[in-house]
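Everything below concerns the one structure shown next.
Numbering (our numbering), first residue to last: 1 to 524.
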């Protein structure tokens, strides 16, 4: 067992990942869940000695990692056909426990080697498109609209893009006929004028992403009685209930053909209105449910059928909405790995802490897209730069803010920094969009401290200069650096060319190119 308080533990929780120094309290992390546990591993470190603990499960079964320092480490798995007489169970996946030398980054690379053969990465690494319309991978910054009339949203988005001068994605809320989180899934018809604005923005290069919930049916839905046979039921046969808005909501079983057809109807309706992306709330952001309705045709209780059902639903819907040759992208709330591929990107919007670490991109950079930073405008200018800058270094598509806030004169310094990192993302696309995060660069002797007022982060102290090293698919390395301080600073930087397999050119020399946020370049 791991001695209590003697090991630093890294786990893929709280979206990005979390480093818990000298862990003494128990961890209980259910998977797959976009907030609690996005991937199936964790590691514990004592100096350079470390322990890797994982399941390499391509079926992505529901399971819980339970670590009790000083006592035990357990992985609990709800089995298929729970309570069915005569059924038995043998885990169809291995549990992996081993020691190694290094830190959490080495554990991430061990896990990355496993997921390279998983079903959710079967499509391979992301590749640049050849000028056939906007791509979600090339979005530099995200905006969020929907509380105002569509005409006003459109105007604000055009003004924001003129100022920011980068490819923008827009998350469009409240476009639908039902109230938010109520009357699900009665989204269509759309509010007047949405179609005209979506189509024009998409033709103008925006990634236009309306919101829907992909998981719930409300008791007030127009056709709710038709959904009743498809709702999840617990072991006592009672319909499962969850309340998010004013209505009572019910999770629909992803094995239900009716729900597949309904999601296809909605996604085709949205894309026929001109949008090129659909956002599915809760699919990757909530845990699978142990459904016990034998009429649904899936094993009762546990297993991999929940993820399989959603993957089939999303893949079929995407294929059918693309059949006319349109580029269509699907995204989800919070990053749970097994939905990758069926979903092309994940909103990562909450819980930035001093102890957050980029486990997401250490494993999945170059395979999928992470977007959204949601830094509130009650941050000081430097606190804003710290939070936005660190997410940029880690590979996020920054933003997910209302354009009116970005354009407000009182936020000019924040907006200028957002513009700079957006333009740097465009310049460094081969690394940040299509490359791999391979190392962090910190200089902790020089630090800055600011209050992060959202999500309970409190006072946060970061190195005054932070950076990351990325490897492009052509083998070149990109080094990104952000200075959070109000004065010019320097940082020692050593590149381990052997570790990163960087080959030298003629006479053993390397070419170095320096880029700025506006694409200026100096070679040496």
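Where a beta carbon is used, it is the ideal one built from N, C-alpha and C, also for glycine.
Taking a cut-off of 8 angstroms on C-beta distances, the region 322-337 touches the region 272-285, as three or more cross pairs fall below it.
Per DSSP, residue 114 is one residue of the alpha helix (DSSP H) stretching across 104-115. It is roughly 12 angstroms from the alpha-carbon of residue 225 to the alpha-carbon of residue 250. By the Cβ rule, the region 159-173 counts as touching the region 418-431, because three or more pairs are nearer than 8 angstroms.
Bounds of the alpha helix (DSSP H) holding residue 430 are 429-432.
Its Cα nearest to that of residue 16, the residue 352 stands out among 302, 172, 495, 352. With contact defined as three or more Cβ pairs closer than 8 angstroms, the region 433-440 and the region 166-182 are not in contact. Counting only the Cα atoms, residue 514 lies some 19 angstroms from residue 500. Cβ contact annotation for residue 199 (same chain, cutoff 6 angstroms, sequence separation greater than five): 274, in chain order. Considering only 440, 70, 121, the residue with the shortest C-alpha distance to residue 358 is 440.
Counted as a single uninterrupted DSSP element, the stretch harbouring residue 343 is not any alpha helix (DSSP H), since DSSP gives it neither H nor E. Counting of Cβ neighbours within 10 angstroms places residue 1 among the exposed residues, the total staying below 16.
Check the Cα spacing between residue 491 and each of 506, 443, 447, 472: the tightest is with 443.
When the five nearest sequence neighbours on each side are left out, the beta carbons in the same chain lying within less than 6 angstroms of the beta carbon of residue 59 are those of 304, in order along the chain. When the five nearest sequence neighbours on each side are left out, the beta carbons in the same chain lying within less than 7 angstroms of the beta carbon of residue 68 are those of 26, in order along the chain. Under the DSSP assignment, residue 212 falls in the beta strand (DSSP E) whose first and last residues are 207-213. Out of 473, 217, 319, the CA that lies nearest to the CA of residue 258 is found in 217.
The DSSP-derived three-state label of residue 310 is helix. Between residue 255 and residue 437, the alpha-carbon positions lie close to 36 angstroms from each other.
Straight-line spacing of the CA atoms in residue 44 and residue 103 works out to 8 angstroms. The shortest CA-to-CA distance from residue 496 to any of 479, 506, 302 is the one to 479. Counted as a single uninterrupted DSSP element, the alpha helix (DSSP H) harbouring residue 386 occupies residues 381-394. With fewer than 16 other CB atoms across the displayed protein chains lying within 10 angstroms of its CB, residue 510 is exposed. Residue 346 and residue 284 do touch by the CB rule: their CB atoms are close to 6 angstroms apart, below 8 angstroms. The alpha carbon of residue 468 has as its nearest neighbour, out of 409, 460, 390, the alpha carbon of 390.
Around the Cβ of residue 139, a 10 Å sphere holds 16 or more other Cβ atoms; the residue is buried.
When only Cα atoms are considered, residue 286 and residue 34 end up about 7 angstroms apart. Under a 10 Å Cβ-count criterion, residue 363 is classified as buried, with 16 or more other Cβ atoms of the shown protein chains found around its own Cβ.
When the beta-carbon positions are compared, residue 89 and residue 79 come within less than 8 angstroms of each other. Going by DSSP, residue 447 is part of the beta strand (DSSP E) stretching over 447-452. As a beta-bridge residue in DSSP terms, residue 469 pairs with 439, 479. Your pair residue 21 and residue 37 does not check out as a contact, with CB atoms roughly 19 angstroms apart and the cut at 8 angstroms. Counting only the Cα atoms, residue 101 lies some 14 angstroms from residue 8. Exposure of residue 451 is indicated by the presence of fewer than 16 other C-beta atoms within 10 angstroms of its C-beta. Here the alpha carbons of residue 84 and residue 293 stand approximately 12 angstroms from one another.
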